[in-house]
Amino acid sequence: MDRDSHLFQSEMLPASMPTRRPTAMPAQPVVPWTFARLFTASVDWLMAETVPALPAPISTTTKRRV
Amino acid sequence: MSDIAARRWLFLFLVIVSTAAAVTKLYQVLLVDDLDLLEFLFLALFAVLFGWITVSFWMAVFGAFARLTAARLLPLAEGPAYSKSRTAILMPVYNEEVTRTFSGVQAIYDSVAATGGFDFFILSDSTEPANWIAEEVAWKELRASLEPDARVFYRHRHRNIGRKSGNIQDFCENWGSHYDYMVILDADSLMSGETLASLVRLMDANPRAALIQSPATLVGRSTLFARIQQFASSAYGATYNAGLAWLQGPDGNYWGHNAIIRVRAFQQHGGLPKLPGRPPFGGEIMSHDFVEAAFLQRAGWEVWMAPDLTGSYEEPPPTVYDHLKRDRRWMQGNLQHARIILAQGLRMPSRLHLAMGIMSYLSSPLWFLLLLTSLLEMFLPNGTEPFSFAGRHPELALSVSQTKPLLQLVTATLVLLYAPKLLALMVLLAQPEAVKAHGGVSGILRSVVLESIFATLLAPVVMLAHTWMLINIMLGRATGWGTQTRDDRALPFWVVFREYWPHTLIGIVMSVVFYKFAPDSLAWFAPLLLGMIVSIPLVQISSSLKLGIAMARDNLFMVPSETGVIPVLKRAHQLVEKREAAARSGDYRQLVLDDPEIRALHLKLLEEIPPPAEAPHPQLPALIDAARRRETAGFSRQDWLAVLSDPASIQAASENSISSGLRT
Chain X
10 MDRDSHLFQS EMLPASMPTR RPTAMPAQPV VPWTFARLFT ASVDWLMAET VPALPAPIST
70 TTKRRV
Chain R
3 MSDIAARRWL FLFLVIVSTA AAVTKLYQVL LVDDLDLLEF LFLALFAVLF GWITVSFWMA
63 VFGAFARLTA ARLLPLAEGP AYSKSRTAIL MPVYNEEVTR TFSGVQAIYD SVAATGGFDF
123 FILSDSTEPA NWIAEEVAWK ELRASLEPDA RVFYRHRHRN IGRKSGNIQD FCENWGSHYD
183 YMVILDADSL MSGETLASLV RLMDANPRAA LIQSPATLVG RSTLFARIQQ FASSAYGATY
243 NAGLAWLQGP DGNYWGHNAI IRVRAFQQHG GLPKLPGRPP FGGEIMSHDF VEAAFLQRAG
303 WEVWMAPDLT GSYEEPPPTV YDHLKRDRRW MQGNLQHARI ILAQGLRMPS RLHLAMGIMS
363 YLSSPLWFLL LLTSLLEMFL PNGTEPFSFA GRHPELALSV SQTKPLLQLV TATLVLLYAP
423 KLLALMVLLA QPEAVKAHGG VSGILRSVVL ESIFATLLAP VVMLAHTWML INIMLGRATG
483 WGTQTRDDRA LPFWVVFREY WPHTLIGIVM SVVFYKFAPD SLAWFAPLLL GMIVSIPLVQ
543 ISSSLKLGIA MARDNLFMVP SETGVIPVLK RAHQLVEKRE AAARSGDYRQ LVLDDPEIRA
603 LHLKLLEEIP PPAEAPHPQL PALIDAARRR ETAGFSRQDW LAVLSDPASI QAASENSISS
663 GLRT
């Protein structure tokens, strides 16, 4: 593998860990379904599945779909 | 319809049809004298449990079919051998045995030396001060034994916030961005360099994959129980995993370790929330792995299993007692998933994985409930009279024998329970190399028979234990996440007696009741009752190391790691022996004060971690004074941690040792 053999070298001796590079790790939501939410989501899904998307409008100047 | 969708629909169809057939049959039997409430409960429990074993059965059928037709179980391309990716191998430890942990790390390090491209992180959450210092010393010794630019790092946290998942999260937040992938290990995990390199190549070539799980084979123990588990995992595991992999495809699961994870995906979507409410159902998520996989999939990432990647190992618990102790934690962790299973946005396969996890711990208590229901049904007087009246004249009721349909149902249940073993055996016997690696045909056949008898006798013990665990969890008695026993050990008799006398007593009492009141039914329940009655000798004998080794001499329960050489495993065992022979004597906590070299190392490592968040120990000055006089015999764990976490205290406590050393 193509590795930089000097990576972290200066930081390792005698230190134990590489430099920190802080990155936030957000807690993921756990939102339980309620009947109301389930109903709304079902309607959204049903509409998305059954109502065809409208075609894109046609530009008045170029007469092409935008 | 895609292939995988077709397989899933077929699987669902087969599960539903076979369950429906059995439930209908039982319904017809129960309907003869009208369905009362108890019978309805019996029918409902039977439906759930029969459905559950049907899932396992069809999974094994699919697995056997996939294996025998050499189906492609991981339809992913591998990237080129030349990889620019950077991978961190993480070994989270929590008061684990230091010698074993560092020997494992070194064995894996040696195994990947030929490949290169991996950095190693020992992420310690140890709360025992002696373990903490011993780990630091072991890390330094390990570094000294490797080449100077070896990238093996060590980090200790003062507080184990979030347990193992918190430990990994701390790595991801601070150092994760240096890496493309991370491989999570357990303290008793081993992986070969070849397997690790394969996982990297798979991740390189499949940018939508966030996680690839390599199923770990159980190896490395010699007690009878452990050897039986190892054999079962090796002989049956390949078929079961094939079935699972074939059905789940990119909607796989994460089993907590021996998996490679795309760090960026995990950083963005693997952060666990705290559930509202108190433990056992609220608070921190205990069994984090399933949930992390579900979150990754919710965000659109793929999670795969690589069932054909050998070279991934872990050790089984040495005894039934240790196995059930681990089950206690896993049960609580899995039951907690009931709070997550209905979360918005999760994909259906993730919900199924969570449901299967819950069911694997609920099934035993449900079997127990089914048993109680059938007993009540048997002993309670039922409403049917032997004859009825037509006007004033008694009319003989038609005597209907239910033996035949009941026998059919029992046979079907037995087939579903034992057929997965037979299917796996068939797959195993079809591979000459595998047969040789498991000790030959005769050894395999004898082992399968004995394993089946052992599993049958153990099932009622597990059933009672799981039921008791469930009652405790429901009563709100939370469990901690203690260190696991990772040593071969024969259990002392008093421990086994203390734990399993209730099982024996229940077995004896039930047998007497049957003998007195329903002697005809005794034979039906004999295997179940026998398992309970012999639970103490069963647990005691199966914990025997001598018997495990004797069985190996008799070519029983042989696995590839015993019949052949697995280099990474052999290397780890050699290193353990070497380290144990060269073990330093003395109290590691005390050595920080007495040994300038260890003190310098400890102080240097302390510089790199943030100081403890909590207020200093109220008696710290007194503790320093006592440490200075070397009166540390009465120090508690907290006292030691207070002194050893504070550089100034260490300096102050050790200053006098230098002068006292000079005086003497």
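Chains as they are written, first to last, in our numbering: chain X, 10 to 75; chain R, 3 to 666.
Even glycine gets a Cβ: it sits at the ideal position worked out from N, Cα and C.
First and last residue of the uninterrupted alpha helix (DSSP H) at Arg328(R): 322 to 338
Residue span of the alpha helix (DSSP H) that contains Ser366(R), given as start and end: 350 to 381
Min CB distance Val52(X) to chain R below 7 Å: no
Cα-Cα separation, Trp54(R) to Ala629(R): 59 Å
Residue-chain proximity (Pro598(R), chain X), Cβ-Cβ < 7 Å: Not one chain X Cβ lies under 7 Å of Pro598(R).
Limits of the unbroken alpha helix (DSSP H) element including Arg280(R): First-last for Arg280(R): undefined, no H or E at that position.
Chain-ordered residues of the segment 150 to 173 of chain R with a beta carbon less than 7 Å from chain X: With the criterion set as a beta carbon lying under 7 Å from some beta carbon of chain X, the members of the segment 150 to 173 of chain R are Asp151, Arg153, Phe155, Tyr156, Arg157, Gln171, in sequence order.
At least 3 beta-carbon pairs within less than 8 Å: the segment 110 to 123 of chain R vs the segment 578 to 597 of chain R: no
Run of the beta strand (DSSP E) containing Ser126(R), from where it starts to where it stops: Counting along the chain, the beta strand (DSSP E) containing Ser126(R) begins and ends at 120 to 126.
Span of the beta strand (DSSP E), counted from its first residue to its last, around His158(R): 154 to 158
7 Å Cβ cutoff met for Val57(R) and Val19(R): no
For Asp253(R), the three-state DSSP class (helix, strand or coil): strand
Supposed close pair Leu356(R), Phe292(R) - CB separation, criterion 8 Å: 6 Å
Backbone secondary structure at Leu192(R) - three-state DSSP: Correct three-state label for Leu192(R): strand.
Val417(R) classed as buried or exposed, judged by whether at least 16 other C-beta atoms fall within 10 angstroms: exposed
Chain X within 7 Å of Gln621(R), Cβ atoms only: no
Gly195(R) burial status per 10 Å Cβ neighbour count (16 or more: buried): buried
Endpoints, alpha helix (DSSP H) assigned at Ala46(R): 39 to 70
Residue-level contact to chain R via CB, Met34(X), 7 Å cutoff: With 7 Å as the cut-off, Met34(X) counts as an interface residue toward chain R.
Residue-chain proximity (Phe292(R), chain X), Cβ-Cβ < 7 Å: no
Inter-residue Cα distance where the pair is Val34(R) and Arg500(R): 45 Å
Where Gln621(R) sits in the DSSP three-state scheme: coil
Beta carbon proximity, Gln346(R) to chain X, threshold 7 Å: yes
Cβ neighbour criterion (16 or more within 10 Å) applied to Ile473(R): Exposed, by the Cβ-count rule.
Beta-carbon gap between Ala109(R) and Val570(R) smaller than 7 Å: yes
Classification of Glu317(R) by the beta-carbon crowding that lies within 10 angstroms, buried from 16 upward: Classification of Glu317(R): buried, given that the 10 Å Cβ count is 16 or more.
Close Cβ partners of Arg10(R) (< 8 Å) along its chain, the five nearest in sequence each way excluded: Leu249
Chain-ordered chain X contacts of Gly285(R) [CB-CB under 8 Å]: What Gly285(R) touches in chain X: nothing, since even the nearest Cβ is about 13 Å away.
C-beta contact flag for Ser449(R) and Phe283(R) at 7 Å: Going by C-beta atoms, Ser449(R) is not nearer than 7 Å to Phe283(R).
Close beta carbons around Glu610(R), own chain, < 7 Å, minus the five adjacent residues each side: none
Residues near Arg210(R) by beta carbon distance below 6 Å, same chain, minus five either side: For Arg210(R), same chain residues with a beta-carbon under 6 Å away, outside a window of 5 residues either side, are Glu304 in chain order.
Strand pairing of Ala36(X), partner residues [DSSP]: Answer is Gly273(R), bridged to Ala36(X).
Sheet register partners of Leu493(R) (DSSP bridge): DSSP output for Leu493(R) lists no bridge partner at all.
Helix, strand or coil at Pro1(R) according to DSSP, with G and I counted as helix: Because chain R spans 3 through 666 in this model, residue 1(R) falls outside it and cannot be assessed.
Cβ-based burial, Lys548(R) [other Cβ within 10 Å; buried from 16]: exposed
Rounded Cβ spacing between Glu137(R) and Val100(R) (contact assumed at less than 8 Å): 5 Å
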